[in-house]
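Residue numbers (my numbering), protein chains in the order written: chain Z, 386 to 1493; chain A, 299 to 594. Note that the Cβ used here is the ideal one computed from N, Cα and C, for glycine as well. Remember, it's a predicted structure, so these values are computed and weren't measured experimentally. What follows is one structure encoded as structure tokens, with my remarks underneath.
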């Protein structure tokens, strides 16, 4: 019997909660494969959903973490393309069968295991998502909404009192809902993830507090108020009007279909609310009736609905669940208006709140987003414990999951937590937004995975978090806020980071340290609000010093952000809030007669458009409204700023617009932008001469995998003689390291424009380390061993040069002892609006990961919006609608090596160390690449211009590799392959690590060492070689930030030349070495970090380093 | 239990003219709606009828009641204070007896030879408790009716013991609290417009109206919800069909239903068939009607 199956099916918690690592670490390869076979049979037949999911996670973990350690490093395997294709189409079970079959045919290999790991992982999450979806749909009270598909069957009606205009003012009444946001005082290890709540209800518990907010400094000392305001009214046009005041977006919807188009504009949340509240029912999704037909049924003929939302300037990423509470608030107001709540105005009843919360979950699922189950806590009043509940007979979850989808809310009244203690908490806590906005999606997946695998450290941490939760609640009840602060801080530095190390970052820890230094014992503790730190955070302080801390935090966060803003992605400037506990929860009021007006910001948004219309085009009620508004703007102080605001909006500051344009022009000039070349590229792009499809090699080119003899296997080490040669060269100072750091690292922060090299990405040896620090630490380590300093060159570009230079100055180059050079890039490109042809090629011709059903719908609607955007802006036009630096791009890493000749860096290095003969060139994120003496020795002895490192391909290694192209062994870029499946036949992936013989390199450029003095010759020769290199058009993501922490990611086109194409030059002598994956793998996305830390990669890198 | 009294409510301003409309009854005779309802009660063994009306309506009602006028007792609801209050107005007439209650804007057609009200009264007498007629209704119509939840009583066809009564529930509330085992998916037991009320209902209404801030908010359903907690209260389903003559085409539908289940069935059917056929053939309405009228 399988031991792992025993763990999965055990009824005894002691056995069931055993971690997978306790078994797998010591198991032999054979045992692990046997376990895999047993687990694979088990999940296919197991009727119990949770056992099935756990078996899938176990299979994933074995293939991802434990098997690769035991497999031979040079086990080459080929992932069947057919399997990969069905994997992308989310047919996971089919993919698993194909991969298992390949494993049977080819034998065990890293490649197949990596593909199996991916398929099991995705299948596990899909199974979980399906379960949550089924539960959301089957919650009693939500089911009927999926049954009704025709407007004639609609069972709801808008309350008659909202459908009649006031006889005097002629205005329709407005229902206004005011809703607080919520803060989670406990952060009990992300226990509010739906799946955790459903599988481990006893561990799912949070202390959730509804609060009002105001922003210090901005709101002119205004008292905190409910941050969320939403408005509902009937209008005399048969349309659905949606307006988000904060996102400056408005839409007029006339068809049912459009209501389900979530990503078309910024109004997805409002649309989700209209659906989840039952106005347009989820069951009507593909109905082709006009909305007027539905409205004539539920309101009256010729009438429609207007919904307006406003969140009073609270920025995104506040960790206060603003968007979920906004959704809940919108749902509440729509439910009130359609008679689905006990009363139209006032607070909601407990039964109403539970329905609103269930509908908010439904709305989040519809909109493709996902909050935790505590997030709609803002609609409840004051403080409450929210806890998971075991599923009972009669619940739709019973027999499927241990817990219910919806938790229980227990309000802590003043008997549980006295008025005095509430006040004390208010007087001690400083709430802030640090300015960082991060995607917490991957974190929630990591938490779920670690929970299911019962990883030891993380499982203990979860128990500790539960203990701390009790301590937090009891301290709050006792009024011991200092004790509460200690507990929240211990939670942050202990369990939370043990479960997810990425919850913390340098920015947060630096601020905590500064506050500790300044406030000493009066600082009672740090408190993390949820998700990840760096956005919404709390600092608990002795009450008499709260004001002082608020002032200081503003400065501390501002200064720290200023220092780090090129290294860490910030979405906005930090803010400090004033807050108050809201004891009412969500409350509605009815605005009638002359008070039935919407907020000022709404009018400044819609008025310019209305002013452009002829009087007779305005509806009757609109005319009355404007006349009332004119009257009210004279009388009502809230509307008195109307005229100014309107002028500001109609005539935005011209000065500012000119300033942005100027600075882009300046940058282009400064960095040697070549407008003639740019126009040529544009013409080629528009004419279709270059483009994504044109990147590809001709279809008749023969592309084959290399054979064993064409590579050198260095995975199990090379001979001693190579090691000795390498050591001798290192001791003689013949080698320098070149780290390529000119690129924008767009995948690392999704185009946020942060300099990847100086991003403190991970804690190694107890401290957050930057990529550059790791690279220098490896050179330092080598220098110590060979007792000779190592010259280290970091290549930069317009984008990365100054930040890296400043950063190195500030940290004194991490006290690096050897020569350290920055090689500034000499080329720059201006990004362009992509061609629709290229967008379609990327989205339709290339294999795409199909997303979860609802998320895919959102993605498709987003893509349609991008096509419209490209059409409106003009295909191939300059991309200028962003910060200047975000409009520019480096032109590919090919240029980074010749730049060493052009900018004098190589000349200087050779002057200082004439014996220099070899370069080790690698990417900034290839953290395992170091000056390995044996690899170097091999390179020296074989006397090739380039010795290139490759690794065994895994499923995630896309982008080309090593191939025979018409008989020539060379590196090939993925984007040039005429058919995607070719890549899957290539055994090796290019890690872009090159050992280069300097003289042979110069020779390829028809240069000698002495020519480096001759700038003109260098430039001419570099241009000649550049002309032989292909130019690729690529689509990249670029982030545009706006509003309060809002971010949009646009696809833009740019061009680049890539260094790997040098291997195609017939005169270049090249050889290829297969190195271990730990050495060659690259860190491209933060989502890889957790696995990188767990699979031994991080430990491997740490061993290569000597820290400062 | 003996049931000889009935209460018919007809005081709602929007409905007061409905009972005065004329229809052709199943027996082929032209009658007012009120008379049809009165005859329904008489089949159930009722002797005295209390009509709750707006002041001033007595004459017109008495007129259309024809030879049944002598059985009528008129009670005024002086102000429009809601349905619960309207029933409560009949308390004196009821005088601690069980009563049959019907609304004046609905007509009922029975599936069997026994009248709908007759069956409800018979059940109430047999079970010695309050009984409401109910009908399985799709969720899209819930907003029009009081709705009950309960469990069917083993061995007694179509009879349910009621636990909950909610006036015009939303589908959400219905799904959460009013699902009755054995019904078709998304169907609920909604009031049919015929009840046998025990004296306790009137006491409950009195209590509720006394403490209510707005008497208009008190409905019969509120009282019946309370009744279910205090004494046995049953629902009898599947009696036949109810027709709301107050809604669009309500009167027409009711007329069709009466005719198609009565002596003129064949005649009305042939009219309908001809109407449909001529419409399909594209002949103008006036022509076809002329032909029908002239008997061609």
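Partner residues on chain Z for residue i, Cβ-Cβ distance less than 7 Å
i, result
"residue 474 of chain A", "525 and 526"
Proximity to residue i [Cα-Cα], best of the options
i, options, result
"residue 445 of chain Z", "Z:507, Z:743, Z:1143 and Z:457", "Z:507"
"residue 1176 of chain Z", "Z:967, Z:517 and Z:1297", "Z:1297"
"residue 414 of chain Z", "Z:918, Z:886, Z:457 and Z:927", "Z:457"
"residue 568 of chain Z", "Z:915, Z:1485 and Z:1004", "Z:915"
"residue 678 of chain Z", "Z:702, Z:538, Z:616 and Z:749", "Z:538"
"residue 912 of chain Z", "Z:882, Z:1069, Z:1292 and Z:1308", "Z:882"
"residue 1441 of chain Z", "Z:974, Z:1418, Z:1426 and Z:460", "Z:1418"
"residue 458 of chain A", "A:549, A:489, A:496 and A:576", "A:489"
"residue 1077 of chain Z", "Z:1363, Z:990, Z:1171 and Z:1282", "Z:1363"
"residue 1485 of chain Z", "Z:1421, Z:767, Z:988 and Z:1314", "Z:1314"
"residue 1348 of chain Z", "Z:1339, Z:1274, Z:1284 and Z:1449", "Z:1449"
Same chain, Cβ closer than 8 Å to residue i, neighbours up to 5 away in sequence not counted
i, result
"residue 1336 of chain Z", "1342, 1373, 1374, 1376, 1459, 1460, 1461, 1462, 1464, 1465 and 1466"
"residue 843 of chain Z", "835, 836, 883 and 884"
Neighbourhood of residue i by C-beta distance below 6 Å, restricted to the same chain and skipping five residues each side
i, result
"residue 429 of chain A", "418, 421, 422, 494, 532 and 534"
"residue 405 of chain Z", "443, 446 and 838"
"residue 329 of chain A", "323"
"residue 817 of chain Z", "922, 938 and 961"
"residue 1346 of chain Z", "1371, 1373, 1374 and 1375"
"residue 574 of chain A", "none"
"residue 577 of chain A", "none"
"residue 827 of chain Z", "1472"
Interface partners of residue i on chain Z, CB under 8 Å
i, result
"residue 517 of chain A", "Going along chain Z, no residue has its Cβ under 8 Å from residue 517 of chain A, so there is no contact; the nearest lies around 14 Å."
"residue 437 of chain A", "529, 532, 533 and 540"
Chain-ordered chain A contacts of residue i [CB-CB under 7 Å]
i, result
"residue 740 of chain Z", "470"
Check whether residue i and residue j have beta carbons under 9 Å apart
i, j, result
"residue 390 of chain Z", "residue 693 of chain Z", "no"
"residue 305 of chain A", "residue 316 of chain A", "no"
"residue 266 of chain A", "residue 309 of chain A", "Here chain A covers residues 299 to 594 and nothing more, so residue 266 of chain A does not appear."
"residue 1129 of chain Z", "residue 1138 of chain Z", "yes"
"residue 874 of chain Z", "residue 904 of chain Z", "no"
"residue 1454 of chain Z", "residue 1328 of chain Z", "yes"
"residue 1113 of chain Z", "residue 1303 of chain Z", "no"
Neighbour list for residue i in chain Z, Cβ cutoff strictly below 9 Å
i, result
"residue 484 of chain A", "528, 529, 532 and 533"
Contacts that residue i makes with chain A (C-beta to C-beta distance below 9 Å)
i, result
"residue 724 of chain Z", "441, 466 and 468"
Residue range of the unbroken alpha helix (DSSP H) whose run includes residue i
i, result
"residue 439 of chain Z", "434-446"
"residue 1248 of chain Z", "1238-1258"
"residue 511 of chain Z", "495-523"
"residue 373 of chain Z", "Not covered by the structure: residue 373 of chain Z. The range shown for chain Z is 386 to 1493."
Cβ-based neighbour list, residue i, same chain, cut-off 7 Å, excluding 5 preceding and 5 following
i, result
"residue 619 of chain Z", "543, 547, 548, 557, 684, 688 and 690"
"residue 504 of chain Z", "472, 477, 480, 481 and 484"
"residue 1039 of chain Z", "Because the pLDDT of residue 1039 of chain Z is 49, which lies under 50, any placement of that residue in the model is unreliable, and the question is left without a value."
Residue range of the beta strand (DSSP E) that includes residue i
i, result
"residue 1381 of chain Z", "1373-1382"
"residue 489 of chain A", "485-495"
"residue 922 of chain Z", "921-926"
"residue 1225 of chain Z", "No beta strand (DSSP E) contains residue 1225 of chain Z, which is instead part of the alpha helix (DSSP H) from 1221-1225."
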